[in-house]
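In what follows, a structure is listed as structure tokens, so that the remarks can point back to it.
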Amino acid sequence: MSTLLQVLVSGVLVGGLYGVISSGLSLSFGITRIVNFAHADFVTIGMYLSVVAVSALGSFGLFLTPVFGLAIGLLGVLVYLLLLRRTAVGATTEDEAHLPQIVITAALGIFIQSLLLAVFTSTDRSVNTVLDGAWRVGGLSLSKAQVVAFVIAAVAFAVLDLVVNRTEFGRGLRAVVDDADAAAMVGVNRRRVFSISIGIGVSLAGLAGGLLATYQTVNPTTGFGYLALAFVTVVLGGLGSIRGAFIAGMVIGVVQQATATYVALDLQNQAVWIGFLVVLLVRPLGLFGKRVMT
Amino acid sequence: MSASRENVRTGPDGEPGLLRITGACVTFGGLRAVDDVSLEVGSGEIVGLVGPNGAGKSTLFGAIAGAVRLSGGSIEFAGRDVTGHGAQRMSTWGVARTFQKVRLFPTMTAEENVLVAARAHHRNAREAHEAVAAALDMAGFTLDPATPATALALADRKRVEIARAVASRPRLLLLDEMLNGLTRQETDALVAAVAKLPAAGITVMLVEHVLHVVRSLCDRLAVLHHGKLIATGDPADVLARDEVIEAWLGRAHAEGAR
Amino acid sequence: MNLVRSAPGRPALIALAVLLVGWSLPFWLIQTQFILVVAISAAVWAIAAQGWNIAGGYGGLLSFGHSVYFGIGAYTTALLTIHFGLTPWVGMLVGALAAAIAGAITTFPALRLKGTYFTLATFVLTLLFADFATHFRDFTGGDVGLSIPFLRDAPEMFQFDSALTLYYVVVAILAVVTLIVGLLAASRLGLFLRASRDDPDAARAAGVDVTRVRLVGLSLSAAVTGVAGGVMLQSLRAIDPVTGFGANTAFVIALVALTGGRGTVVGPIVGAAVLIPVQQILSAQLSSAPPGLSGMAYAVVVAAVMLVERRGLVFLIARLARAVTAAVQARRPHRPGGSPAGGGDATRAATVPAQEIPEQQRSGS
Numbered sequence: 001m002s003t004l005l006q007v008l009v010s011g012v013l014v015g016g017l018y019g020v021i022s023s024g025l026s027l028s029f030g031i032t033r034i035v036n037f038a039h040a041d042f043v044t045i046g047m048y049l050s051v052v053a054v055s056a057l058g059s060f061g062l063f064l065t066p067v068f069g070l071a072i073g074l075l076g077v078l079v080y081l082l083l084l085r086r087t088a089v090g091a092t093t094e095d096e097a098h099l100p101q102i103v104i105t106a107a108l109g110i111f112i113q114s115l116l117l118a119v120f121t122s123t124d125r126s127v128n129t130v131l132d133g134a135w136r137v138g139g140l141s142l143s144k145a146q147v148v149a150f151v152i153a154a155v156a157f158a159v160l161d162l163v164v165n166r167t168e169f170g171r172g173l174r175a176v177v178d179d180a181d182a183a184a185m186v187g188v189n190r191r192r193v194f195s196i197s198i199g200i201g202v203s204l205a206g207l208a209g210g211l212l213a214t215y216q217t218v219n220p221t222t223g224f225g226y227l228a229l230a231f232v233t234v235v236l237g238g239l240g241s242i243r244g245a246f247i248a249g250m251v252i253g254v255v256q257q258a259t260a261t262y263v264a265l266d267l268q269n270q271a272v273w274i275g276f277l278v279v280l281l282v283r284p285l286g287l288f289g290k291r292v293m294t
Numbered sequence: 295m296s297a298s299r300e301n302v303r304t305g306p307d308g309e310p311g312l313l314r315i316t317g318a319c320v321t322f323g324g325l326r327a328v329d330d331v332s333l334e335v336g337s338g339e340i341v342g343l344v345g346p347n348g349a350g351k352s353t354l355f356g357a358i359a360g361a362v363r364l365s366g367g368s369i370e371f372a373g374r375d376v377t378g379h380g381a382q383r384m385s386t387w388g389v390a391r392t393f394q395k396v397r398l399f400p401t402m403t404a405e406e407n408v409l410v411a412a413r414a415h416h417r418n419a420r421e422a423h424e425a426v427a428a429a430l431d432m433a434g435f436t437l438d439p440a441t442p443a444t445a446l447a448l449a450d451r452k453r454v455e456i457a458r459a460v461a462s463r464p465r466l467l468l469l470d471e472m473l474n475g476l477t478r479q480e481t482d483a484l485v486a487a488v489a490k491l492p493a494a495g496i497t498v499m500l501v502e503h504v505l506h507v508v509r510s511l512c513d514r515l516a517v518l519h520h521g522k523l524i525a526t527g528d529p530a531d532v533l534a535r536d537e538v539i540e541a542w543l544g545r546a547h548a549e550g551a552r
Numbered sequence: 553m554n555l556v557r558s559a560p561g562r563p564a565l566i567a568l569a570v571l572l573v574g575w576s577l578p579f580w581l582i583q584t585q586f587i588l589v590v591a592i593s594a595a596v597w598a599i600a601a602q603g604w605n606i607a608g609g610y611g612g613l614l615s616f617g618h619s620v621y622f623g624i625g626a627y628t629t630a631l632l633t634i635h636f637g638l639t640p641w642v643g644m645l646v647g648a649l650a651a652a653i654a655g656a657i658t659t660f661p662a663l664r665l666k667g668t669y670f671t672l673a674t675f676v677l678t679l680l681f682a683d684f685a686t687h688f689r690d691f692t693g694g695d696v697g698l699s700i701p702f703l704r705d706a707p708e709m710f711q712f713d714s715a716l717t718l719y720y721v722v723v724a725i726l727a728v729v730t731l732i733v734g735l736l737a738a739s740r741l742g743l744f745l746r747a748s749r750d751d752p753d754a755a756r757a758a759g760v761d762v763t764r765v766r767l768v769g770l771s772l773s774a775a776v777t778g779v780a781g782g783v784m785l786q787s788l789r790a791i792d793p794v795t796g797f798g799a800n801t802a803f804v805i806a807l808v809a810l811t812g813g814r815g816t817v818v819g820p821i822v823g824a825a826v827l828i829p830v831q832q833i834l835s836a837q838l839s840s841a842p843p844g845l846s847g848m849a850y851a852v853v854v855a856a857v858m859l860v861e862r863r864g865l866v867f868l869i870a871r872l873a874r875a876v877t878a879a880v881q882a883r884r885p886h887r888p889g890g891s892p893a894g895g896g897d898a899t900r901a902a903t904v905p906a907q908e909i910p911e912q913q914r915s916g917s
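Residue numbers (the working numbering), protein chains in the order written: chain A, 1 to 294; chain B, 295 to 552; chain C, 553 to 917.
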């Protein structure tokens with residue numbers, strides 16, 4: 001029983017970060033329809049920035065995590081404007097419009113991984129901070145870093161949710177998700193909305209990376225390992241639904257922990273992959289999906 | 295495929311029975327786009343399907359072509375119950391169509407577009423290529439067949455789409471607003487081409503707004519309004535009825551006068 | 553210079569060109585053993601990408617998980633050799649068959665899922681296979697994978713006296729595969745695959761059985777990529793989960809075809825000839841280049857091609873060739889007979905910037 005509780009709690013704590021990574025991806029996908037194969041590599045950038053900051057400043061460096069998140073977001077805006085913006089112009093079919101974007105983001109991911117390899121080598125890096133160790137509550141062991149990371153992730157998600165659902169800017173975003181052409185007609189600036197949504201999505205990935213670095217070692221391909229998890233989460237949550245993605249993130253965290261505990265550690269992802277493929281075939285629009293595909 | 299065609303009654307113009315729609319209904323999320331429509335089309339007829347926008351004409355075409363599923367009723371084609379069969383099967387059995395908004399294969403040439411249908415319906419490549427040339431000719435396409443589909447003007451895109459439909463050796467051809475957006479001259483040429491189809495063994499149903507064409511080309515009219523069939527019969531006769539004028543012609547007359 | 557369109561007779565010419573160029577390379581370009589190894593690898597990836605091209609290029613099924621079929625081909629060949637002593641010549645064909653069956657099964661999601669979803673599903677599927685290949689170690693050798701015995705000079709077991717002989721054998725296989733894919737592309741099936749890709753509804757209305765076309769297309773595609781897996785196994789004499797099923801393999805197969813020019817017979821070969829050397833000559837493991845350089849260069853080439861000509865290098869080359877022809881002709885106006893007829897027009901036809909011709913305004917509706 002206490003094992004089960006531990007599984008649930010650990011799963012939710014880890015899953016909160018999946019949720020933030022994925023809600024960022026879901027937001028940018030819902031608006032731009034760009035499947036960003038480099039999304040998870042921005043997680044890695046966030047992790048390395050944390051490692052560098054903590055090495056230089058000690059635990060105090062963790063306070064820079066939000067700043068890094070913003071900086072990574074700006075990087076995302078640049079990526080959109082320089083690499084992705086013009087690729088869909090003049091395409092005759094939807095696939096033709098999205099294919100170059102998939103290819104370019106895949107190449108960008110390879111570039112980021114290679115750049116990090118050149119700078120930091122392939123050695124695993126980790127940090128020592130005041131968040132090392134665990135709190136014991138009842139029979140449960142709660143990693144300090146995981147708890148703090150989860151709380152910050154939850155706050156970040158709450159802010160995102162408020163912005164999307166309660167502000168004028170968010171209204172514009174949702175209008176684009178529902179009907180890009182109609183939104184353009186009522187004067188929503190497509191380029192601005194697209195670049196900002198990619199920026200927000202990527203900055204959430206970077207923020208999550210910064211938090212993840214407090215309890216997870218990092219090498220240049222660490223983030224890439226989260227890419228498929230993020231895709232799965234986004235699809236299960238319903239492409240374009242940020243709340244769905246956040247909830248699905250925690251569900252997947254729990255599924256992973258449960259599989260690792262009760263089945264086999266090295267099969268923890270298989271359960272997620274199989275569940276994903278089954279759901280995709282049965283409900284192609286995701287568990288909580290509304291109709292966002294055209 | 296060819297064997298099944300032997301079963302079909304082939305009679306003089308207007309003989310009933312090629313297509314028999316009985317109580318057809320199509321619902322889209324609670325909205326009845328087609329509501330209890332029963333209609334018969336005989337071999338060799340040219341039947342006009344008319345009515346205001348949103349009356350369910352294209353939806354009914356989709357249902358006949360197997361692209362839209364009926365929620366009630368049945369469709370019989372060439373003596374067989376075809377209710378619930380998909381678009382590819384319907385094409386095999388001899389129903390061809392064009393789309394309201396022209397849908398050519400964008401990465402192909404004009405010739406290749408037609409060849410797709412020809413190769414799906416002819417035994418070997420040589421016959422198929424002959425069919426392509428004949429179909430393009432019949433549709434009045436006179437440009438280089440190797441022109442890419444995306445480089446064609448609207449009238450030529452429509453010609454290619456009609457040629458693609460004809461190349462599938464149809465018994466029934468559904469033409470959805472083929473004249474929309476064409477000049478008077480282009481219209482006349484296409485109308486002349488369509489008028490020759492029955493002689494080639496092709497029965498025609500068309501959705502059309504251009505009044506003089508409807509009047510001169512069609513043997514019979516069927517009027518749809520809010521998904522219901524409100525009138526069928528001889529064009530001059532149907533167009534004179536009050537309910538038809540009220541539902542549709544008032545507007546078309548006004549537009550025709552502009 | 554008509555690289556883009558496929559016409560009857562052309563596949564044979566292209567296959568012949570592959571043989572001739574491949575045969576000549578060791579005399580003037582391939583000067584070291586290292587470059588020879590890179591060339592073998594490029595030829596193997598070209599075979600795999602030719603397979604991808606059937607489904608992804610002609611059929612529009614944008615798989616980012618063709619490594620599933622690659623890995624199945626490699627593992628099947630290895631297991632048959634190890635357990636039954638079966639010659640890889642036959643093992644590869646069995647591997648291709650196994651890959652084709654997997655391809656047929658994956659047609660099911662391909663029919664249900666639209667573009668992007670299919671891409672994601674295939675990507676996840678290959679990670680699943682990689683995890684399985686790692687987990688069931690009694691069968692697959694786990695992380696380490698499988699190795700086949702080293703037999704010097706045993707052509708009947710697909711092992712040769714020198715890397716140069718292996719190179720010629722792989723080039724010959726590439727030529728055969730190119731011929732097959734070229735004939736396929738020019739065939740009825742190729743036409744139907746393109747129609748199903750461009751507009752499945754219109755294809756069905758024209759009488760194309762889209763389901764069957766995709767089933768056959770994806771199975772053939774998987775079979776060819778499966779053969780590439782078998783050839784890779786023979787050239788490395790080993791296979792492991794990452795090489796067989798890993799994300800990198802999935803990416804390389806798709807990116808080679810996409811960078812070269814999807815939906816063209818020579819595209820995968822051009823893509824492999826450019827990308828694989830960039831990736832491997834600069835690789836830190838294989839040469840003295842600093843770590844990361846290879847990946848960065850490879851990524852830059854892929855992205856640059858997409859930004860300049862999203863349909864790939866073949867179309868870029870055709871565009872350049874046309875510009876050069878036009879410039880030459882402009883300089884010699886007294887020879888109007890030199891203006892492109894037939895073939896030249898067809899090249900232009902296929903490479904006109906894809907643009908939507910606006911529908912005329914609907915009048916009176």
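C-beta atoms are modelled at their ideal positions from N, C-alpha and C, and glycine is treated no differently.
These figures come from a predicted structure and were not determined experimentally.
CA-to-CA distance, residue j to residue i, given in whole angstroms
i	j	result
V51/A	F42/A	14 angstroms
M472/B	K395/B	9 angstroms
G618/B	I653/C	The displayed coordinates of chain B run from 295 to 552. Any statement about residue 618/B would go beyond what the structure contains.
I21/A	T795/C	28 angstroms
L807/C	G823/C	8 angstroms
G612/C	F712/C	38 angstroms
Chain C contact residues for residue i, given Cβ-Cβ distances below 7 angstroms
i	result
I102/A	T671
Contact list for residue i against chain B, beta-carbon separation under 9 angstroms
i	result
F744/C	V410, R413, A414
Within chain B, partners of residue i - CB distance below 8 angstroms
i	result
V983/C	With chain C running from 553 to 917 in the structure shown, residue 983/C is simply not present.
Which of helix, strand or coil DSSP assigns to residue i
i	result
H379/B	coil
G209/A	helix
Q711/C	strand
A918/C	Past the boundaries of the shown model lies residue 918/C; chain C is included only from 553 to 917, so the question cannot be answered.
V620/C	helix
E168/A	helix
A88/A	coil
V331/B	strand
Cross-chain neighbours of residue i in chain B, by beta carbon under 7 angstroms
i	result
G734/C	Under the 7 angstroms cutoff, chain B gives no residues; its nearest Cβ is about 16 angstroms from G734/C.
G759/C	Q382, S385, T386, A411, A414, H415, S462
Residues bridged to residue i [DSSP beta-bridge criterion]
i	result
W940/C	Here chain C covers residues 553 to 917 and nothing more, so residue 940/C does not appear.
P442/B	T403/B
L470/B	Position check: residue 470/B holds Asp in this sequence, whereas Leu was assumed. Partner(s): V501/B.
G527/B	L515/B
Neighbour list for residue i in chain C, Cβ cutoff strictly below 9 angstroms
i	result
E406/B	L743, R746, A747
M402/B	L743, R746, A747, D750
Neighbourhood of residue i by C-beta, 7 angstroms cutoff - its chain only, sequence neighbours within 5 removed
i	result
V765/C	L741, F744, L745, S748
R453/B	A433, G434, F435
Neighbouring residues, chain A, relative to residue i (Cβ below 7 angstroms)
i	result
A598/C	Going along chain A, no residue has its Cβ under 7 angstroms from A598/C, so there is no contact; the nearest lies around 18 angstroms.
P820/C	In chain order: nothing, as chain A lies at least about 14 angstroms away.
L767/C	Those do not exist, as L767/C stays about 16 angstroms from chain A at its closest Cβ, beyond 7 angstroms.
Contact set for residue i: own chain, Cβ-Cβ below 6 angstroms, skip 5 residues either direction
i	result
E370/B	R314
N474/B	none
L354/B	V328
Beta-carbon neighbours of residue i, restricted to chain C and to distances below 8 angstroms
i	result
A359/B	A757
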